[in-house]
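Enquirer: Just so you know, this note's numbering puts 28 at position 26 of the sequence shown, and the rest follows in order with no gaps.
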Amino acid sequence: PRVRDIMNRQVISITEDEEIRVAAKRLLKDETNHLPVLDGSGALVGIITTYDVSKAVVTDGKLRQVKDIMTRNVIKTTPDEPVDVAAQKLEQNNISALPVVDATNRVVGILSAIDLGKLFGGRR
Ligand code: SAM
Numbered sequence: 003p004r005v006r007d008i009m010n011r012q013v014i015s016i017t018e019d020e021e022i023r024v025a026a027k028r029l030l031k032d033e034t035n036h037l038p039v040l041d042g043s044g045a046l047v048g049i050i051t052t053y054d055v056s057k058a059v060v061t062d063g064k065l066r067q068v069k070d071i072m073t074r075n076v077i078k079t080t081p082d083e084p085v086d087v088a089a090q091k092l093e094q095n096n097i098s099a100l101p102v103v104d105a106t107n108r109v110v111g112i113l114s115a116i117d118l119g120k121l122f123g124g125r126r
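1. Would you kindly work out how many angstroms separate the C-alpha atoms of residue 104 and residue 93, rounded to a whole number?
2. Can the beta-carbon of residue 101 be found less than 9 Å from the beta-carbon of residue 38?
3. Is there contact here, the stretch 58 to 70 with the stretch 17 to 25, by at least three beta-carbon pairs under 8 Å?
4. Report the residue from 79, 30, 89, 60 whose alpha carbon sits nearest the alpha carbon of residue 121.
5. Run through the stretch 38 to 119 for me and flag every whole beta strand (DSSP E) of 3 or more residues, listed as ranges in chain order.
6. Tell me the DSSP bridge mates of residue 16?
7. By how many angstroms is the C-alpha of residue 108 removed from the C-alpha of residue 45?
Right, here's the structure in full:
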């Protein structure tokens, strides 16, 4: 199977100029651990997780916006990538989700370890 077969198409994202507080609320409300971060044009520029928000709380009080704490070097996948290649990216980088992007760096889905688990549980 390919990423498109199991990815989650309902992506909850955030823009880089939002306050960290807004990101925290969104992570709580939608019960997700990863928010792809978009610039003003809608292109993927980072990713922010519950881990990053927690870290911001215990460190520098001057950090205010998503762009201050997001991870900029996003490890991502594409709809056409084989699922086993995407799974290796998760494993090798010790992360639990990959934004799925099209050729213009627009986020079209998100692939999480939970989605991979569905392959083995018999659910589609
Ligand atoms: N295993 C946990 C996880 O999956 O989030 C925590 C460790 S992981 C190394 C935490 C860091 O990975 C966070 O700073 C987060 O921004 C970053 N991260 C998560 N997904 C990422 C991705 N697809 N590409 C790049 N960085 C990512």
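Heads up, the beta-carbon is just placed ideally off N, CA and C, and yes, glycines get one too.
Expert: Answer, in terms of the structure:
1. Here residue 104 corresponds to residue number 102 of the sequence shown, with the count starting at 1. Here residue 93 corresponds to residue number 91 of the sequence shown, with the count starting at 1. Their backbone Cα atoms lie some 22 Å apart in a straight line.
2. On the sequence shown, position 99 is the one that residue 101 refers to. On the sequence shown, position 36 is the one that residue 38 refers to. Residue 38 sits close to residue 101, with the two beta carbons spaced by under 9 Å.
3. Using a C-beta cut-off of 8 Å, the stretch 58 to 70 makes contact with the stretch 17 to 25, since at least three inter-stretch Cβ pairs fall below that distance.
4. For the purposes of this step, residue 121 is taken as residue 119 along the sequence shown, with counting starting at 1. Nearest to residue 121 by C-alpha distance, out of 79, 30, 89, 60, is 89.
5. Correct list: 46 to 51, 99 to 103, 109 to 114.
6. Against the sequence shown, residue 16 aligns to sequence position 14. Bridge partners of residue 16: 39.
7. Looking up residue 45 in the sequence shown gives position 43. Looking up residue 108 in the sequence shown gives position 106. In this model, residue 45 and residue 108 are separated by some 5 Å (Cα to Cα).
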